[in-house]
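This report concerns only the one structure given below.
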Amino acid sequence: MSPQPVSLSPDDWQRIRAALRYLGRDLHHRSFAVSAERRELLWQEMDRCLELADRLAQLEHYPDDPAGLANSAFVD
255 MSPQPVSLSP DDWQRIRAAL RYLGRDLHHR SFAVSAERRE LLWQEMDRCL ELADRLAQLE
315 HYPDDPAGLA NSAFVD
């Protein structure tokens with residue numbers, strides 16, 4: 255199954271990126287109240303959220319270019 259191009263406005267993309275960054279910050283804050291093992295897992299998830307927000311920000315340079323999406327690190 256091929257990924258379908260997503261038609262979202264620039265404001266929608268900005269909201270998604272902001273939500274991912276907020277989630278990353280929230281995970282970081284929560285990590286101080288848990289065990290070291292759990293903290294490591296939370297930090298890994300925080301890193302993934304922030305990385306995805308950064309990758310989505312890169313897509314903003316060519317939002318209407320499906321080839322840009324296909325050639326990006328966004329598609330796993």
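Residue numbers (the numbering used here): 255 to 330. Just so you know, even glycine gets a beta-carbon here, dropped at the ideal spot from N, CA and C.
Evaluate residue i with the Cβ neighbour count: other Cβ atoms within 10 Å of its Cβ, from every protein chain shown; 16 or more gives buried, anything less gives exposed.
i: R271; result: buried
i: L296; result: buried
i: L262; result: exposed
i: N325; result: Confidence in N325 is poor, its pLDDT being 44 and thus under 50, which makes the residue's placement unreliable; the coordinate value appears in the next sentence. That one is exposed.
So what's residue i in DSSP terms, helix, strand or just coil?
i: Q268; result: helix
i: L262; result: coil
Nearer than 7 Å: is that true of the beta carbon of residue i relative to any heavy atom of the ligand GDP?
i: R279; result: The ligand GDP is absent from the structure shown, which contains no ligand whatsoever.
Give me the residue from the options with the minimum Cα distance to residue i.
i: D301; options: L313, A287, Y276, Q312; result: Y276
i: D308; options: H283, L274, R293, E291; result: L274
i: E299; options: Q312, D280, D265, L313; result: D280
i: L306; options: R293, W267, E291; result: W267
For the region 270 to 317, which segments carrying the alpha helix (DSSP H) assignment without a break, of at least 4 residues, lie completely within its bounds, in sequence order?
290 to 313
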